[in-house]
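Chains as they are written, first to last, in our numbering: chain W, 14 to 418; chain H, 1368 to 1600.
A virtual CB, placed ideally from N, CA and C, is assigned to each residue, including glycine.
The structure presented is a predicted model; accordingly, all values stated were derived computationally and were not measured.
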Amino acid sequence: MIWETVRLALRSVRRNALRSFLTLLGIVIGVAAVIAMLTIGAGTTEKVKSDISRLGSNLLVVRAGRPAGRGGPGGIEQQPRKLGEKELAALRARLTGARAISPSAQKQVRVIYGTQNIAASVTGTDSTLLDARDWSLASGRSFSDSEVRSGAAVCLIGETVRKQFFGAGDPEGESIRVNRSSCKIIGLLAPKGYTGFGQDQDNVVMMPLGAFQRRIAGNRDIDNIYIAADDTTPTAELLPQASNILRDIRKIPIGGEDDFDIRDMTQIADTMASATTTMTSMLSAVAAVSLLVGGIGIMNIMLVSVTERTREIGIRLAIGAHEKHILIQFLVEATVLSLLGGIIGILIGLSLAGVASLTLSIPFTPSVAVILLAVGFSALIGMVFGFFPALRGARLDPIDALRHE
Amino acid sequence: MAPLIAFDRVWKTYGQGEAKVHALAGVDLAISKGEFVSIMGPSGSGKSTAMNIIGCLDTPSAGTYRFMGVDAGRLDRNRRAVLRNLYIGFVFQGYNLLPRTTAAENVELPLIYRGVPSATRRELAMRALAQVGLTGREHHTPAELSGGQQQRVAIARAIVTRPSLLLADEPTGNLDTARTHEIMDLLAGLNRDTGLTIVMVTHELDVAAYARRTIRFLDGNVASDGLNAEMVR
């Protein structure tokens, strides 16, 4: 009986091919939009997560300055007390559970080789930073301990800098000028690409902290201290420990406010991911509105169909169809119609997401749950919006219906 | 034995107050199993209303209508649908076949609502189509059939369920004389050979003459009711 009805419904859909297609369009667009949004959204979340984990996982970053966003005039302060050698030494001596603790000071500086020059981010650090941030070298070597101690004029360069100055050539052993002082290239950093925020992570020059402070910055300050947790210590455990050490060394009285900020990169990754998820669901909600419009389209066309086929309904009722037979016939027809729209919509939505993932270079992550949900939802739309027209057909008086021209 | 159809002071009233119209005004009527009855009368005489009540499509406003001894006037819509499906076949003036649906599928339709399995359905439909002389046309759609052939499909659809009663509402109204006599011969043959009770509304005397009894309606009541004197053949 049901199979019979489905066949009948398919036939009726085929018979009014153009009309069925136009009716489907609403559902197709709605489902395609929702599927594309959810799939692209999932891909973006994935991408943001991997971008942030590329900044270093299990990483704490210590900065000078009051923590932002916790009451009071956060952010810009007149003159935050800088971090220095003292804090670094204290953390290195007293913090347990850290794999690497590295200082870092940066400045945007003009870098010159021959007649060419580019603006690059120059970082002063020591050999532990590569470990702390999970960076690796493509060739050459890192700074030796004696180079770090003496502040030797040696540097590591990123892929963008290499390409700009040396093209296909080998940069090792060459000297570049960084802010008027010369330094010798000893190694090449492995390419890391852009961050999710569009920053080129390969347009960098790294040199020993001492050399940076003396030749570039002209002071003894440290901008960031990176603390990488070892495999068995969660960052959440490391953070209060580090905070206590810093409060102690910076002599902040009990109850006094921190004048430094420790950020947990894992937490930031989670926050970013949840932000994109929220964004995705909001966009999907907007897309879902078009599903509603599609449903109303189905209701409209089913009402037309019932009116058009009044005589057919009369015949069926006269020869012994129950109300429920007619009801089911039109319900199935509406459901078949919207299911068809749903399936086409899924295919289009996935194609759109596929194209988007290629052009935006985000991972393509179609979700079976989302697809099943879309199928179920479009069937539901057919049933809900098909019910009223179907009921109207089923309630017809057979005598009137037979008389209908 | 109780008659197949029994009207006991049946009234059918439409409208209210001033606009009240009595389509049927206390009709008494009995038709037995195996009869071939024609119903005649001018339009507005109540014959169509009577047919609708006989066919369990409508119910009396007052009085009782018993079909096979069952008080059909007290049954709800769906129960009357079951009654129609099991015991009554309909033939209409305008054939009322489903368009773009083959003859065989049209004939199968009442069996679908009975829940007959598909293979049996097909077989019964073929047999009914053979009975009305349409072998070879099973897979034609109404648009590909002549008026006479379409009416034969409609008759096949009416008898495929082996009903107790066949109701025909001006079955030859749209047909020419030759086709009219073919269809009437078919109906008369079904009545004679299978004992099928037929009640038929018609305007034409020579069509009414195929029946053995004629009931005339006038102003909502039976004006005359008697056996046809001679069979016109």
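Neighbouring residues, chain H, relative to residue i (Cβ below 7 Å)
i                 : result
ILE328 of chain W : ASN1463, LEU1465
ALA334 of chain W : ALA1448, TYR1480
ALA331 of chain W : LEU1424, ARG1451, PHE1457
ARG28 of chain W  : ARG1467
Of the residues the options, the one placed nearest residue i, counting alpha carbons only
i                  : options                                    : result
PRO379 of chain W  : W:THR372, W:LEU365, W:SER391               : W:LEU365
SER25 of chain W   : W:LEU415, W:SER318, W:GLY127, W:ALA255     : W:SER318
GLY1382 of chain H : H:SER1428, H:THR1468, H:ILE1565, H:GLU1475 : H:SER1428
PRO1466 of chain H : H:ASN1445, H:ALA1497, H:LEU1512, H:ASP1438 : H:LEU1512
LEU72 of chain W   : W:LYS60, W:LEU37, W:ARG408, W:LEU251       : W:LEU251
ARG12 of chain W   : W:ILE361, W:TYR207, W:MET220               : Any answer about residue 12 of chain W is impossible in this case: the structure gives chain W only from 14 up to 418.
THR372 of chain W  : W:VAL191, W:ASP139, W:PHE398, W:THR57      : W:THR57
ARG227 of chain W  : W:PHE398, W:GLY137, W:SER159               : W:GLY137
GLN214 of chain W  : W:VAL174, W:GLY231, W:GLY127, W:ILE40      : W:VAL174
ARG276 of chain W  : W:THR248, W:MET295, W:PHE343, W:ALA288     : W:THR248
ILE326 of chain W  : H:MET1435, H:ASN1419, H:LEU1464            : H:LEU1464
VAL1377 of chain H : H:VAL1404, H:ILE1420, H:GLN1517            : H:ILE1420
ASN1541 of chain H : H:GLY1514, H:ALA1510, H:GLY1393            : H:GLY1514
GLY1411 of chain H : H:LEU1585, H:GLY1562, H:ASP1543, H:THR1564 : H:LEU1585
GLY1556 of chain H : H:SER1485, H:TYR1577, H:TYR1480            : H:TYR1577
LEU386 of chain W  : W:THR284, W:ARG405, W:PHE398, W:ILE359     : W:ILE359
GLY1393 of chain H : H:PRO1409, H:GLY1408, H:GLU1385, H:ALA1417 : H:ALA1417
LEU1311 of chain H : H:GLU1402, H:GLU1385, H:THR1431, H:GLY1384 : Any answer about residue 1311 of chain H is impossible in this case: the structure gives chain H only from 1368 up to 1600.
SER1415 of chain H : H:ALA1596, H:LEU1563, H:VAL1568            : H:VAL1568
GLY1422 of chain H : H:ARG1579, H:LEU1594, H:THR1564, H:VAL1589 : H:THR1564
CB of residue i within 9 Å of CB of residue j, strictly
i                  : j                  : result
ALA403 of chain W  : ILE65 of chain W   : no
LEU62 of chain W   : ALA392 of chain W  : The amino acid at residue 62 of chain W is misidentified as Leu; the sequence shows Lys. In this structure, ALA392 of chain W does not lie closer than 9 Å to LYS62 of chain W by Cβ.
SER117 of chain W  : LEU222 of chain W  : yes
ILE53 of chain W   : SER303 of chain W  : no
VAL306 of chain W  : VAL218 of chain W  : no
ALA300 of chain W  : VAL47 of chain W   : yes
ASP272 of chain W  : ILE265 of chain W  : yes
GLU336 of chain W  : ARG1444 of chain H : yes
LYS1400 of chain H : SER1531 of chain H : yes
ILE341 of chain W  : LEU330 of chain W  : no
ILE1582 of chain H : ILE1406 of chain H : yes
ILE311 of chain W  : LEU350 of chain W  : yes
LYS131 of chain W  : GLN177 of chain W  : Residue 131 of chain W is actually Ile in this sequence, not Lys. Closer than 9 Å, so yes.
Cut-off 6 Å between Cβ atoms - residues of its own chain near residue i, not counting five sequence neighbours on either side
i                  : result
ALA145 of chain W  : ALA113, SER115, TYR239, ALA241
SER149 of chain W  : ALA203
HIS1389 of chain H : THR1380, GLY1587
ILE383 of chain W  : Note on identity: in this sequence residue 383 of chain W is Val, with Ile being the wrong assignment. Counting only Cβ-Cβ distances below 6 Å, and skipping sequence neighbours, we find LEU51.
LYS421 of chain W  : This structure gives no information on residue 421 of chain W, because the portion of chain W shown stretches from 14 to 418.
THR1426 of chain H : GLY1440
LYS60 of chain W   : ILE375
MET1598 of chain H : In this predicted model, MET1598 of chain H has a pLDDT of only 47, less than 50, meaning its place in the structure is not dependable; the value taken from the coordinates is given anyway. The answer is none, since no qualifying residue turns up.
Beta-carbon neighbours of residue i, restricted to chain W and to distances below 8 Å
i                  : result
PRO1509 of chain H : Neighbours of PRO1509 of chain H on chain W: none; closest Cβ ~12 Å, over 8 Å.
Proximal residues to residue i (C-beta, below 8 Å), its chain only, five neighbours per side dropped
i                  : result
GLY84 of chain W   : Residue placement at GLY84 of chain W is poorly supported in this model, since its pLDDT is 45, which falls under 50; the coordinates are not used for a value here.
GLY367 of chain W  : PHE377
LEU1553 of chain H : VAL1499, GLY1500, ARG1519, ILE1522
ILE262 of chain W  : LYS99, GLU100, ALA103
LEU352 of chain W  : VAL388, SER391, ALA392, GLY395
GLY97 of chain W   : ARG233, ASP234, ILE235
ALA166 of chain W  : SER194, SER195, CYS196, LYS197, MET220, ALA224, ARG228
Other residues of its chain near residue i: CB distance less than 7 Å, five sequence neighbours each side excluded
i                  : result
THR1547 of chain H : THR1539, VAL1574
VAL1527 of chain H : VAL1474, PRO1477, LEU1478, LEU1491, ALA1492, ALA1495
ARG332 of chain W  : Residue 332 of chain W is actually Ile in this sequence, not Arg. Within the same chain, ILE332 of chain W has no close Cβ partners at all.
LEU142 of chain W  : SER115, SER117, TYR239
PRO1370 of chain H : ALA1397, ILE1398, SER1399
ARG1600 of chain H : Note on ARG1600 of chain H: pLDDT 40, under 50, position unreliable in the model; the coordinate value appears next. No residues qualify anywhere along the chain.
ASN232 of chain W  : GLN226
Under 9 Å from the C-beta of residue i: neighbouring residues of chain H
i                 : result
ILE311 of chain W : Within 9 Å Cβ-Cβ: nothing; ILE311 of chain W doesn't reach chain H, min ~22 Å.
GLU17 of chain W  : ILE1479, SER1485
Near the ligand MG: residue i beta-carbon under 8 Å from a heavy atom
i                 : result
LEU393 of chain W : Annotation note on the ligand MG: not contained in the displayed structure, which lists no ligands.
Partner residues on chain H for residue i, Cβ-Cβ distance less than 8 Å
i                 : result
PRO411 of chain W : LEU1424
HIS338 of chain W : TYR1480
Proximal residues of chain W, C-beta to C-beta of residue i below 9 Å
i                  : result
PRO1530 of chain H : The premise fails here: PRO1530 of chain H is roughly 10 Å from chain W at the closest Cβ pair, so nothing lies under 9 Å.
Proximal residues of chain W, C-beta to C-beta of residue i below 7 Å
i                  : result
ASN1445 of chain H : HIS335, GLU336
ASN1419 of chain H : ILE412
Entirely enclosed beta strand (DSSP E) segments - the stretch 1540-1599 of chain H, minimum 3 residues:
1564-1568, 1580-1585, 1588-1594
Along the chain, which unbroken stretches of the beta strand (DSSP E) at least 3 residues long are found entirely within the stretch 355-414 of chain W?
none
Pick out the complete alpha helix (DSSP H) segments inside the stretch 1445-1500 of chain H, 4 residues or longer, and give them in chain order.
1470-1481, 1485-1498
Please give the ranges of any beta strand (DSSP E) in the stretch 207-270 of chain W, keeping only runs that are unbroken, at least 3 residues long and fully inside the region.
217-221, 237-242
Could you name each continuous alpha helix (DSSP H) segment of 4 residues or more that falls completely within the stretch 285-353 of chain W, going from the start of the chain to the end?
323-331
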